[in-house]
Amino acid sequence: IGLAQLERAEELVGRKRQIFGWYADRLRGLSGIQLNPESADTRNSYWMTTLVLDPALELPKEHVMAELSDRGIDSRPFFHPLSSIPACRGLAAASRAREINVNAYRISPYGVNLPSALSLTEEDVDVVCRAIQEIISRSEMRSRRMAS
761 IGLAQLERAE ELVGRKRQIF GWYADRLRGL SGIQLNPESA DTRNSYWMTT
811 LVLDPALELP KEHVMAELSD RGIDSRPFFH PLSSIPACRG LAAASRAREI
861 NVNAYRISPY GVNLPSALSL TEEDVDVVCR AIQEIISRSE MRSRRMAS
């Protein structure tokens, strides 16, 4: 199985990049979020499309995931740093990792992995993006009401 997938690597990565492109096009300009970055010297495979919420939104990722779930949209929490999981937490190396891997600890509480299956259609991504736009828009309206 692994060799067959390797032979199709360019096709599979191309499809993942296409799916990510749909997300990026539809969510471009939406304040308070960031999608997977791609550095100039890399080629991201976009295995998973990840949405990172700006902490200033004061919108817990669990709330976003619950709202997506209510709409029949599956999502997953962004990965926790390995040094934070119970099996590793007490190790001396985990303590050092917490000090070194500040970005992992900063992003993890705000990251949501969006649907990224190879079988996704552009229409599927439209549905997910509309939901995200509505969730964030409602959150911003709540914040404005509370501030006034």
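Just so you know, the sequence shown maps onto residues 761 to 908 in the numbering used here.
By construction, the Cβ of each residue, glycine as well, lies at the ideal position given by its N, Cα and C atoms.
Query                                                                                                                                       : Result
Could you give the first and the last residue of the continuous beta strand (DSSP E) run that contains I793?                                : 793-795
Across which residues does DSSP place T810 in a beta bridge pair?                                                                           : N873
So which of I896, S843, Y783, S908 has the shortest CA-CA distance to A862?                                                                 : The question names Ala, yet the displayed sequence has Val at residue 862. Nearest of I896, S843, Y783, S908 to V862, Cα basis: S843.
Take P744 as the anchor and find which of R905, M906, A907, S899 has the nearest alpha-carbon.                                              : One cannot answer for residue 744 here, as it falls past the ends of the chain, which runs 761 to 908.
Name, in chain order, the residues that DSSP records as bridge partners for P837.                                                           : V872
Using a threshold of 8 Å, state whether the C-beta atoms of Y783 and C848 are closer than that.                                             : no
So is S855 buried or exposed if we call it buried at 16+ other beta carbons inside 10 Å?                                                    : exposed
Would you mind giving the Cβ-Cβ distance between L795 and L772, rounded to the nearest angstrom? I have them listed as a contact below 8 Å. : The pair is not a contact, with the Cβ atoms about 19 Å apart (cut-off 8 Å).
Give the DSSP-derived three-state secondary structure of D884 in the structure shown.                                                       : helix
Reducing DSSP to helix, strand and coil, say where N863 ends up.                                                                            : helix
Within 10 angstroms of its Cβ, does S835 collect 16 or more other Cβ (buried), or is it exposed?                                            : buried
On a Cα-Cα basis, can you pick out the residue from L813, L790, M906 that is closest to I867?                                               : L813
Are the CB atoms of L817 and I892 within a distance shorter than 8 Å?                                                                       : no
Output the distance between the C-alpha atoms of D830 and V887, rounded to the nearest integer angstrom.                                    : 13 Å
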